[in-house]
């Protein structure tokens, strides 16, 4: 991994596209997940030098999504510019929990929150794998597990909403 930093919650802005919206101009629920996952992929490369596709090719290992929990709090509309912040909440030797927060560009209006669980997987062996040591070290630096209760999604959403009220 090259270009590693210790930014715990990288953020980027994205424009909501026409094809991702319903006839009323609102972002389809399923597309929220795609915007979060795409932002996290971009953040991994830009902030941590981690290219998940290169890892797949060279190591034959990568992360698979096992579960999502999402709260849709305020509509996102066609051509709206939103801010997507992602972070690693916690990790084990073979799994991670990512949080995504979507808001207006000034972070004042909370639009959506997602928690996504991933399992590290060996495609060569067709079974879960252990994270390599360099990944574990990076996760130790960027994880927010000591800052956030990772067992209460609804409580986390309430807390984020109250911070913006």
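In my numbering, the protein residues as written are 6 to 170.
Glycine included, each C-beta is placed from N, C-alpha and C at the ideal position.
As the structure is a computational prediction, the values presented were derived from the model and not from experiment.
Check	Outcome
Close beta carbons around residue 90, own chain, < 6 Å, minus the five adjacent residues each side	14, 16, 106
Close Cβ partners of residue 37 (< 6 Å) along its chain, the five nearest in sequence each way excluded	117
Chain-order list of residues whose beta-carbon lies under 6 Å from that of residue 100 (same chain, five-residue window excluded)	124
Exposed unless 16 or more other CB atoms sit within 10 angstroms - verdict on residue 121	buried
Nearest candidate by alpha-carbon position, reference residue 134, set 92, 23, 61, 72	61
Neighbour-count burial assignment, residue 162, 16 or more Cβ in a 10 Å radius	buried
Residue 53 versus residue 138 - alpha carbon distance	15 Å
Between the CA atoms of residue 21 and residue 102 - distance to the nearest angstrom	25 Å
Terminal residues of the beta strand (DSSP E) in which residue 162 lies	Run containing residue 162: none in the beta strand (DSSP E); it sits in the alpha helix (DSSP H), 158-169.
Contact check, residue 12 vs residue 87, beta carbons under 8 Å	no
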